[in-house]
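Trainee: A single structure is presented below for examination.
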Amino acid sequence: MLFFSSIIIGAALSVPPIPTISQTAILDAPSPTVSPTFGMLVAISGDRVVATGPDPSKDGGSVGQIATFEFQPTGEWKPFREMQSVDNTQRGLMVLQRMTMVGSVMLVSQDRRDGASSTVATFETAITNSGWKQSGLLEPPIGFPEPAFGGVIASDGVIAAISTVDMRVLGEKSRTVIPSPKVFLFKRGVDGWKGLGSLQLDLSLTPTFFGAAISMTSGQIVIGCPKAIVASPKQPLVVGGDSVVVVYRLNADGMWGIDGMLKPPQDRSDYLGFGTTVASSDSLIAVRFSQVTGQGSAVLVYRRDQTGWVFDGELNPLIDVTPGIGWGISLAIADDRIIVGDPTALISDKNPGYVGAFVKDSNGLWSESLRLQPNVPVTSARWGVGIRADGRRVVIARPQNEREGITPGGALLFTLPPADSTPRPSTSSTSSPASTKSLTAP
220 MLFFSSIIIG AALSVPPIPT ISQTAILDAP SPTVSPTFGM LVAISGDRVV ATGPDPSKDG
280 GSVGQIATFE FQPTGEWKPF REMQSVDNTQ RGLMVLQRMT MVGSVMLVSQ DRRDGASSTV
340 ATFETAITNS GWKQSGLLEP PIGFPEPAFG GVIASDGVIA AISTVDMRVL GEKSRTVIPS
400 PKVFLFKRGV DGWKGLGSLQ LDLSLTPTFF GAAISMTSGQ IVIGCPKAIV ASPKQPLVVG
460 GDSVVVVYRL NADGMWGIDG MLKPPQDRSD YLGFGTTVAS SDSLIAVRFS QVTGQGSAVL
520 VYRRDQTGWV FDGELNPLID VTPGIGWGIS LAIADDRIIV GDPTALISDK NPGYVGAFVK
580 DSNGLWSESL RLQPNVPVTS ARWGVGIRAD GRRVVIARPQ NEREGITPGG ALLFTLPPAD
640 STPRPSTSST SSPASTKSLT AP
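For the sequence shown, this note's numbering begins at 220 and goes up steadily by one.
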């Protein structure tokens, strides 16, 4: 036993020092919050940050709370006086289980439980006490009920991509599983949002979970299609076709074409969850690769070169970090750095939770370069559950927890130091060939 302990201590001492930064701002909701998970959802775009949490509509009307913070010329983040709610909700709806904000646009989910189509509420920035005005509703085509519409929401501020994979939290109720889900596209114009059609994989691929994750930049949509996702309590595990992450690019003719189909390594066939989380920039994609039925999880990186999308490595923390089942459950790309969150990771004797930044080193390998560690309390096993980034600003969820003295919940903002310039390797290990096949939205 003594010999084993000395090995562990020696290993810990051999860990190279990793720079650690603490938050530059604590963003607490401006008033008491209702949702017990307020702060689970965060977003950042430019000088705005929003934080919220899911909330059920019991009596209809207005429901939910969205706290908005804006960066001031003084260098401080100031909350808007009031929190935005979602108006005209129906009884039984669960709002704000998903949310995204880009530029002057915010989109939030409205989940139905009665088999009818769920919807997505749209918001625009405005000179109001909350900073927002509710502007409309996105819905699937009439006559085609989509109970899980809004299962995942992504936007670049002009185009919105909305999936129909059932990612709702339904308690003991089983999720809806359909053989070939769609990702609906909408475009924002002067007259509001209009439907463009949908993206859909060939049925021969059995794309049961196409749309389980979506990441967007202008002119590019990255869609995860894992083989399986974690089942709800009353539902047996459903396994679809081969895992794939599909990259779409907007062609010169205005059509969305497949730019690449990323596939997982063949040596981990028991990992069913390739594509359960994705993050992207124009030239980088980070993909979570989870075992689904076990503890294993990995984060793989792909980059775009002159031949298409190629595999570019795997993200592994230093030896003082023990990744958990949640490794990569939240991913973001900030200033060419990949930010990884794992609320289940263990760092020495600290509470569970990890957020770290990875960069390309001088050897062409992705290595951990920075840790984001708060110096204020965070909910145990929640640190790293939600991460969003814009430029060098990274906002991380800080869910409320009355028992642990964390009220009313909100977010923590970090500012990354300028990235070091590192050379990129001239070769890559494996490739996933690009495709120029057009996928026309009907």
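All residues carry an ideal CB built from backbone N, CA and C; glycine is no exception.
With C-beta atoms as the reference, is Ala-380 less than 7 Å away from Leu-404?
Mentor: yes
Trainee: Excluding the 5 residues flanking Phe-493 on each side, which residues of the same chain have their C-beta closer than 6 Å to its C-beta?
Mentor: Around Phe-493: Pro-445, Ser-462, Pro-483 and Phe-508.
Trainee: What span of residues does the beta strand (DSSP E) with Val-506 cover, start to end?
Mentor: Taken as a continuous stretch (DSSP letters only), the beta strand (DSSP E) holding Val-506 covers 503–509.
Trainee: Indicate whether Gly-376 and Thr-427 have their beta-carbon atoms separated by less than 7 Å.
Mentor: No, they are not a contact pair.
Trainee: Between Asp-266 and Arg-310, which are expected to be in contact by the criterion C-beta below 8 Å, what is the C-beta distance as a whole number of angstroms?
Mentor: Actually they do not touch by this definition, with Cβ atoms about 37 Å apart.
Trainee: For Leu-584, which of helix, strand or coil comes out of DSSP?
Mentor: coil
Trainee: Candidates Pro-249, Gly-283, Thr-287 and Asp-274: which alpha carbon is nearest Val-261's?
Mentor: Thr-287
Trainee: By the 10 Å Cβ neighbour count, where 16 or more other Cβ atoms means buried, how is Thr-293 classified, buried or exposed?
Mentor: exposed
Trainee: Beta carbon of Thr-598, beta carbon of Glu-623: below 7 Å?
Mentor: Closer than 7 Å, so yes.
Trainee: If you run the structure through DSSP and keep just helix, strand and coil, what is Leu-422?
Mentor: helix
Trainee: Quick one, which of Ser-499, Met-480 and Gly-362 has its alpha-carbon nearest Asp-554's?
Mentor: By alpha-carbon distance to Asp-554, the top candidate from Ser-499, Met-480 and Gly-362 is Ser-499.
Trainee: Tell me which residues share the same chain as Pro-249 and place their Cβ nearer than 8 Å to its Cβ, disregarding the 5 neighbours each side in the sequence.
Mentor: Ala-286, Pro-298, Phe-299, Arg-300, Glu-301 and Met-302
Trainee: Let's test the definition: count the other Cβ atoms within 10 Å of the Cβ of Ile-361 and tell me whether it reaches 16, buried, or not, exposed.
Mentor: exposed
Trainee: What span of residues does the beta strand (DSSP E) with Tyr-521 cover, start to end?
Mentor: Per DSSP, Tyr-521 belongs to the beta strand (DSSP E) from 516–524.
Trainee: For Glu-295, which three-state DSSP category applies?
Mentor: coil
Trainee: For Val-409, is the classification buried or exposed, using 16 other Cβ atoms within 10 angstroms of its Cβ as the cut-off for buried?
Mentor: exposed
Trainee: For Glu-358, name the three-state secondary structure that DSSP assigns.
Mentor: coil
Trainee: Determine the DSSP secondary structure at Glu-621, reduced to helix, strand or coil.
Mentor: helix
Trainee: Considering Cα atoms alone, identify which of Asp-274, Thr-341 and Gln-242 is closest to Thr-252.
Mentor: Asp-274
Trainee: Rounded C-beta distance between Pro-542 and Ala-576? I'm assuming under 8 Å.
Mentor: Between Ala-576 and Pro-542 the Cβ distance is about 15 Å, and since that is not below 8 Å, they are no contact.
Trainee: Going straight from the alpha carbon of Val-388 to that of Ser-581, what length do you get?
Mentor: 43 Å
Trainee: Starting from the C-beta of Thr-344, find all residues in its chain whose C-beta is less than 7 Å away, skip the five residues before and the five after it, and write them out in chain order.
Mentor: Ser-323, Gly-350 and Trp-351
Trainee: Report the three-state DSSP secondary structure of Val-457 (helix, strand or coil).
Mentor: coil
Trainee: Who are the near neighbours of Leu-632 in its chain, counting only those whose CB is closer than 7 Å to its CB and skipping five residues on each side?
Mentor: Excluding residues up to 5 positions away in sequence, Gln-242, Thr-243, Ala-244, Leu-246, Val-268, Trp-296, Arg-612 and Val-614 lie with their Cβ nearer than 7 Å to the Cβ of Leu-632 in the same chain.
Trainee: Of the choices Val-559, Ser-374, Ile-346 and Gln-329, whose alpha-carbon is the least far from that of Glu-358?
Mentor: Comparing alpha carbon positions, the residue from Val-559, Ser-374, Ile-346 and Gln-329 closest to Glu-358 is Gln-329.
Trainee: Grab the span of the beta strand (DSSP E) containing Met-320 for me, first residue to last.
Mentor: For Met-320, the enclosing beta strand (DSSP E) stretches over residues 313–321.
Trainee: Hey, quick one: how far does the beta strand (DSSP E) through Ile-538 stretch, first residue to last?
Mentor: It is not in any beta strand (DSSP E) - Ile-538 carries neither H nor E in the DSSP assignment.
Trainee: According to the neighbour-count rule (16 or more other Cβ atoms, all chains shown, within 10 Å of its Cβ), is Lys-401 buried or exposed?
Mentor: Classification of Lys-401: buried, given that the 10 Å Cβ count is 16 or more.
Trainee: May I ask you to list the residues that DSSP assigns as paired with Tyr-665?
Mentor: Shown here, the chain extends from 220 to 661; a query on residue 665 therefore has no answer.
Trainee: Along the chain, where does the beta strand (DSSP E) that runs through Ala-450 open and close?
Mentor: Note, Ala-450: premise wrong, no beta strand (DSSP E); not H, not E.
Trainee: For Ser-354 versus Gly-370, is the C-beta spacing smaller than 7 Å?
Mentor: no
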